[in-house]
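Residues 0 to 114, numbered by numbering that gives the first Met the number 0, are exactly what the sequence shown covers, in order. Virtual Cβ for every residue (Gly too), placed ideally from N, Cα, C. Notes follow the structure.
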Amino acid sequence: MTKICFGCGAKLQSYDVEKEGYIPEDKKDSSQYCQRCFKIINYGMQSKSSTPKETDTIIDIINHDNKFVVFLVDFLSINTKVFDIYKRINKPKLLVISKCDLILKNIRREKIISF
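If you want it as C-alpha cells, here you go:
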C-alpha cells in the first residue's frame, strides 16, 4: 500500500534522499510525514529545494511568458526567501497560501496577513 505524507502529499519513499517524500527505511511503517515535513514541523528546519540559478531561470521565464501568475505557497514553507521571490515577479499575481488550517487557533489571521 502506498503511503502519502500528511504534510506535503508526496508519496513516501525510502530509496532516494534527494527526491520528495523521502523517509528513512526504519521509519517508513510508523511515520505519517516525509523527512522534510517532519523536520519543518518538529525543528523548524527547511531543506533547500532549488538552487539560486534555477530560481532565477524560473522567474525570468515567468516574467517573460505569462500574463498572470498564481503563486501557491505551502504554509509550512513560508519564509522571507519565498516573499523575496514573490516580489521579483513583475506580472500581475495572486498569492495563495495552502494549509492555513494548520495555523494555531491563538494566532489571528490578521497578524499573518500583515506579515
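Cβ neighbours of residue i in the same chain (closer than 7 Å, five flanking residues each side left out)
| i | result |
| --- | --- |
| ASP25 | none |
| CYS4 | LEU11, GLY20, TYR32, CYS33, CYS36 |
| THR120 | The chain is shown from 0 up to 114; residue 120 falls before or after that span and cannot be answered. |
| THR54 | ILE84 |
| LYS98 | ASP73, PHE74, LEU75 |
Burial state of residue i (16 or more Cβ within 10 Å)
| i | result |
| --- | --- |
| TYR42 | exposed |
| ARG35 | buried |
| TYR14 | exposed |
| LEU11 | buried |
Test item: CB-CB of residue i and residue j under 7 Å
| i | j | result |
| --- | --- | --- |
| ILE197 | PHE74 | Residue 197 is absent from the structure shown; the chain starts at 0 and stops at 114. |
| ALA9 | GLU19 | yes |
| VAL68 | ILE61 | yes |
| ASN65 | LYS86 | no |
Close beta carbons around residue i, own chain, < 8 Å, minus the five adjacent residues each side
| i | result |
| --- | --- |
| SER30 | LEU11, ILE22, PHE37 |
| ILE88 | ILE58, ILE61, ASN62, VAL68, PHE70 |
Inter-residue CB distance, residue i and residue j (contact presumed, cutoff 8 Å)
| i | j | result |
| --- | --- | --- |
| ILE58 | ILE84 | 7 Å |
Neighbourhood of residue i by C-beta distance below 6 Å, restricted to the same chain and skipping five residues each side
| i | result |
| --- | --- |
| LYS92 | VAL68, PHE70 |
| GLU151 | Here the chain covers residues 0 to 114 and nothing more, so residue 151 does not appear. |
| CYS7 | CYS36 |
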